[in-house]
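**Student:** Right, I'll just put the structure down here and ask away after.
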Amino acid sequence: MTLAPDPQDKFAEYAHPERLVSTDWLTANLGAEGLVVVESDEDVLLYETGHIPGAVKVDWHTELNDEVTRDYIDGEGFARLMASKGISRDSTVVVYGDKSNWWAAYALWVFTLFGHEDVRLLDGGRDKWVAEDRPLTTDKPGITAVDYPIVDRDDASIRAYLSDVLDHLGNPLIDVRSGDEYTGARTTMPAYPEEGALRGGHIPTARSVPWARAAAPDGTFRSRAELDAIYRDEAGLQDGDDVVAYCRIGERSSHTWFVLTHLLGFDRVRNYDGSWTEWGNAVRVPIVRGTEPGELPAGSRTSAR
Amino acid sequence: MTAETVPAKLAEIIDDFQALSEPDRLQLLLEFSTGLPGLPARYSDHPELLEQVVECQSPLFLTMEIGGGPERPVHLFFSAPREAPTTRGFAGVLLEGLDGLPAAEVLAVPDDVPDRLGLTRAITPLRMRGMSAMLGRIKRNIRDAQ
Numbered sequence: 027m028t029l030a031p032d033p034q035d036k037f038a039e040y041a042h043p044e045r046l047v048s049t050d051w052l053t054a055n056l057g058a059e060g061l062v063v064v065e066s067d068e069d070v071l072l073y074e075t076g077h078i079p080g081a082v083k084v085d086w087h088t089e090l091n092d093e094v095t096r097d098y099i100d101g102e103g104f105a106r107l108m109a110s111k112g113i114s115r116d117s118t119v120v121v122y123g124d125k126s127n128w129w130a131a132y133a134l135w136v137f138t139l140f141g142h143e144d145v146r147l148l149d150g151g152r153d154k155w156v157a158e159d160r161p162l163t164t165d166k167p168g169i170t171a172v173d174y175p176i177v178d179r180d181d182a183s184i185r186a187y188l189s190d191v192l193d194h195l196g197n198p199l200i201d202v203r204s205g206d207e208y209t210g211a212r213t214t215m216p217a218y219p220e221e222g223a224l225r226g227g228h229i230p231t232a233r234s235v236p237w238a239r240a241a242a243p244d245g246t247f248r249s250r251a252e253l254d255a256i257y258r259d260e261a262g263l264q265d266g267d268d269v270v271a272y273c274r275i276g277e278r279s280s281h282t283w284f285v286l287t288h289l290l291g292f293d294r295v296r297n298y299d300g301s302w303t304e305w306g307n308a309v310r311v312p313i314v315r316g317t318e319p320g321e322l323p324a325g326s327r328t329s330a331r
Numbered sequence: 005m006t007a008e009t010v011p012a013k014l015a016e017i018i019d020d021f022q023a024l025s026e027p028d029r030l031q032l033l034l035e036f037s038t039g040l041p042g043l044p045a046r047y048s049d050h051p052e053l054l055e056q057v058v059e060c061q062s063p064l065f066l067t068m069e070i071g072g073g074p075e076r077p078v079h080l081f082f083s084a085p086r087e088a089p090t091t092r093g094f095a096g097v098l099l100e101g102l103d104g105l106p107a108a109e110v111l112a113v114p115d116d117v118p119d120r121l122g123l124t125r126a127i128t129p130l131r132m133r134g135m136s137a138m139l140g141r142i143k144r145n146i147r148d149a150q
């Protein structure tokens, strides 16, 4: 029982307009049957300081990641999590979060690994909602536990492993980290702690398009025309391309995955969640330093497009 | 050399955290976050007097006043935005646990104190490093002022 999409003009220009809702739409639909609003932030306490009325919290670290293995939860874990949040398989889920929906996009991507069909982002995320003085509450939402089926996670379609990326070399790669991380001057975001990648640089041939370029200053997504200029004209992506996006641990590249898949309509985009903390530490894996994408390493398994 | 000692007030805070379940520990950290006082006017009017602790995930600004006399009491002043409650919470714990103590006692605080709050699993080791960085910066500033 999914809700009708937000019909506003800006969204109509995107490939899949039904993947976004505006703050107006959400205000009008709060409390609607079949809708569950999910907040997913970087700061683990932000939800507790006040959230959209009725919204439930999903924490990327403690709830979406496996506690032991570097992996996501499995089908049983996801079913338990959804049931505990009051989300049914046919719920319309609207995710929002801090920092231009960076972590919200990550949660949406994980929901997509389990094939949850109707999952959308709130354009502008938490910051826009707050900036517009819309209601926040610290009241705990009343959750009615529901059944959620156990669905196997499908990693093949939208997730790339290290071996997949090695096979992929020669096809478009988008590095969504900051410029200094791309060149190898840093291994973490500016102003973030060092996080243990042994080498700085990027995957050979990857183009640099920092993720936040897809967001306007108010945290909303840039228009279709602006996004086409960035990803098609500048980064050279073409219809039919098989694209892999990566960052440091796969969170920022989820945002770019969302843009390429749902806003620009590329139908073969994978997020390499191992990202630089895996690639930059792996033994005998080629990297490139500096501002240029670099050459395809000799012996790559795929020829250039 | 001073032996590592946790000052009484900070030890009490650690005990408070340890006595709670994990969700309640987060709630307590949130209370420290909301309780973090604003800057006095002499600093809020002059943000350039504060230094940024860049290791924190969200912007955190810090300044200190080290008094005279044999005790050299240390006073701490923190500033972090409302959108960064975890960072504010760490600052609140350090403020309540250390503010006003003699410099030697602050220097004797063990570097692993943040790990003793029992928050690492819920907060992630990466985020906890922000608190270690704040403590490290405070101790470094005291040493530099000597």
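From first to last, the protein sequence lines are chains A and B. Under my numbering, the first residue of the first sequence carries the number 27, and numbering increases by one thereafter. Under my numbering, the first residue of the second sequence carries the number 5, and numbering increases by one thereafter. Using N, Cα and C, we set each Cβ at its ideal position, and we do this for glycine too.
State the DSSP-derived secondary structure class of N127 (chain A), mapped to helix, strand or coil.
**Tutor:** It is helical.
**Student:** Step through the CB atoms of chain B and report whether any lies within less than 9 Å of the CB of V70 (chain A).
**Tutor:** It does: the Cβ of V70 (chain A) has a partner Cβ on chain B nearer than 9 Å.
**Student:** I think W128 (chain A) touches E68 (chain A), with their Cβ atoms under 8 Å apart; what is that distance to the nearest whole Å?
**Tutor:** With 8 Å as the limit, W128 (chain A) and E68 (chain A) qualify as a contact, their Cβ atoms being about 7 Å apart.
**Student:** Among A:L148, A:L224, A:A58 and A:L56, which one has its Cα closest to the Cα of R310 (chain A)?
**Tutor:** Cα-wise, what sits closest to R310 (chain A) is A:L224.
**Student:** Please list the partners that P89 (chain B) has in chain A, where partner means a Cβ-to-Cβ separation under 8 Å.
**Tutor:** Correct list: D69, L71, L72, E74 and T75.
**Student:** Just to make sure I have the definition right: I need the residues of chain A whose C-beta is within less than 8 Å of the C-beta of L34 (chain B). Which are they?
**Tutor:** Ordered by position in chain A, the residues that pass the 8 Å Cβ test against L34 (chain B) are L71, E74 and T75.
**Student:** Classify G125 (chain A): buried if its beta carbon has 16 or more other beta carbons within 10 angstroms, exposed otherwise.
**Tutor:** Position check: residue 125 (chain A) holds Lys in this sequence, whereas Gly was assumed. Classification of K125 (chain A): buried, given that the 10 Å Cβ count is 16 or more.
**Student:** Determine contact between the region 30-48 of chain B and the region 316-325 of chain A, defined as no fewer than three beta-carbon pairs at a distance below 8 Å.
**Tutor:** Segments in contact, no.
**Student:** Does the beta carbon of R144 (chain B) come closer than 9 Å to any beta carbon on chain A?
**Tutor:** With 9 Å as the cut-off, R144 (chain B) does not count as an interface residue toward chain A.
**Student:** What does the alpha-carbon distance come out to for the pair I176 (chain A) and K111 (chain A)?
**Tutor:** The straight-line gap from Cα to Cα measures roughly 15 Å.
**Student:** Could you check how far apart the C-beta atoms of Y132 (chain A) and G151 (chain A) are, in whole angstroms? I think they sit under 8 Å.
**Tutor:** Not a contact, Cβ separation roughly 12 Å.
**Student:** Going by CA-CA distance only, name the one from A:G168, A:G306, A:H288 and A:D159 that's closest to T53 (chain A).
**Tutor:** When only C-alpha atoms are compared, the closest one is A:D159.
**Student:** So that I know if they touch, is there some Cβ in chain B lying closer than 9 Å to that of T49 (chain A)?
**Tutor:** No - not a single Cβ of chain B is within 9 Å of the one on T49 (chain A).
**Student:** Closest by CA to S25 (chain B), which one among B:L123, B:I17, B:D148 and B:Q150?
**Tutor:** With distances taken between Cα atoms, S25 (chain B) lies closest to B:L123.
**Student:** In terms of residue numbering, what span does the alpha helix (DSSP H) encompassing V156 (chain A) cover?
**Tutor:** G151 to A157 is the extent of the alpha helix (DSSP H) around V156 (chain A).
**Student:** Who are the near neighbours of P44 (chain B) in its chain, counting only those whose CB is closer than 8 Å to its CB and skipping five residues on each side?
**Tutor:** Answer for P44 (chain B): F81, listed in chain order.
**Student:** Nearest-angstrom Cα distance between R185 (chain A) and E109 (chain B)?
**Tutor:** Cα-Cα distance, rounded: 51 Å.
**Student:** Check each residue of the region 83-95 of chain A: if its Cβ is closer than 7 Å to any Cβ of chain B, include it; give the result in chain order.
**Tutor:** Here the close residues are H87 and T88.
**Student:** Against chain A, does I127 (chain B) count as a neighbour if the rule is that its beta carbon must be under 9 Å from one of theirs?
**Tutor:** Answer yes: the Cβ-Cβ gap between I127 (chain B) and chain A drops below 9 Å somewhere.
**Student:** With which residues is V269 (chain A) paired in a DSSP beta bridge?
**Tutor:** Answer is A:V295, bridged to V269 (chain A).
**Student:** Output, in sequence order along the chain, the residues in the region 23-50 of chain B whose CB is closer than 8 Å to any CB in chain A.
**Tutor:** The residues in question are L30, Q31, L33, L34, S37 and T38.
**Student:** How about D153 (chain A): is its C-beta nearer than 9 Å to some C-beta of chain B?
**Tutor:** Taking Cβ atoms only, chain B reaches closer than 9 Å to D153 (chain A), which makes this a yes.
**Student:** Return no unless some Cβ of chain A is closer than 9 Å to the Cβ of R86 (chain B).
**Tutor:** Answer yes: the Cβ-Cβ gap between R86 (chain B) and chain A drops below 9 Å somewhere.
**Student:** Alpha carbons only, please: which of A:G300, A:V285 and A:N297 is nearest the one belonging to A41 (chain A)?
**Tutor:** For the residues A:G300, A:V285 and A:N297, the minimum Cα distance to A41 (chain A) belongs to A:V285.
**Student:** Per DSSP, Q56 (chain B) is paired with what?
**Tutor:** The partner list for Q56 (chain B) (beta bridge, DSSP) reads B:F65.
**Student:** Spatial neighbours of E304 (chain A) within its chain, please: CB distance less than 7 Å, with the 5 preceding and 5 following residues excluded, ordered by chain position.
**Tutor:** Result list for E304 (chain A): L188, in chain order.
**Student:** Find the nearest neighbour of E318 (chain A) within the set A:W237, A:R239, A:A242 and A:I200, judged by alpha-carbon distance.
**Tutor:** Of the candidates A:W237, A:R239, A:A242 and A:I200, the one whose C-alpha sits nearest the C-alpha of E318 (chain A) is A:I200.
**Student:** Have a look at A:V119, A:P79, A:G262 and A:T246 and flag the residue whose alpha-carbon is nearest the alpha-carbon of S48 (chain A).
**Tutor:** The shortest Cα separation from S48 (chain A) among A:V119, A:P79, A:G262 and A:T246 belongs to A:T246.
**Student:** With a cut-off of 8 Å on the beta carbons, I'd call L61 (chain A) and L29 (chain A) a contact; round off their distance for me.
**Tutor:** Indeed they touch by this definition, with Cβ atoms about 6 Å apart.
**Student:** Just to confirm, are L34 (chain B) and E74 (chain A) a CB contact at a threshold of 9 Å?
**Tutor:** Result yes, Cβ atoms of L34 (chain B) and E74 (chain A) sit closer than 9 Å.
**Student:** Run through chain A and tell me which residues come within less than 7 Å of S83 (chain B), C-beta to C-beta.
**Tutor:** Here the premise fails: no neighbours, minimum Cβ distance about 15 Å.
**Student:** Would G210 (chain A) and G227 (chain A) be called neighbours here (beta carbons separated by less than 9 Å)?
**Tutor:** Yes; because the gap between Cβ atoms is below 9 Å, this pair is in contact.
**Student:** Tell me the DSSP bridge mates of A241 (chain A)?
**Tutor:** Paired residue(s): A:F247.
**Student:** Quick one: give me the first and last residue of the beta strand (DSSP E) that I200 (chain A) is part of.
**Tutor:** Unbroken beta strand (DSSP E) run through I200 (chain A): L199 to D201.
**Student:** Answer yes or no: the CB of D97 (chain A) versus the heavy atoms of the ligand SAM, is any distance below 8 Å?
**Tutor:** Here there are no bound small molecules, and the ligand SAM is not part of this structure.
**Student:** Which same chain residues, not among the five before or five after P151 (chain B), have their C-beta less than 6 Å away from its C-beta?
**Tutor:** Because chain B here runs from 5 to 150, residue 151 (chain B) falls outside it and cannot be looked at.
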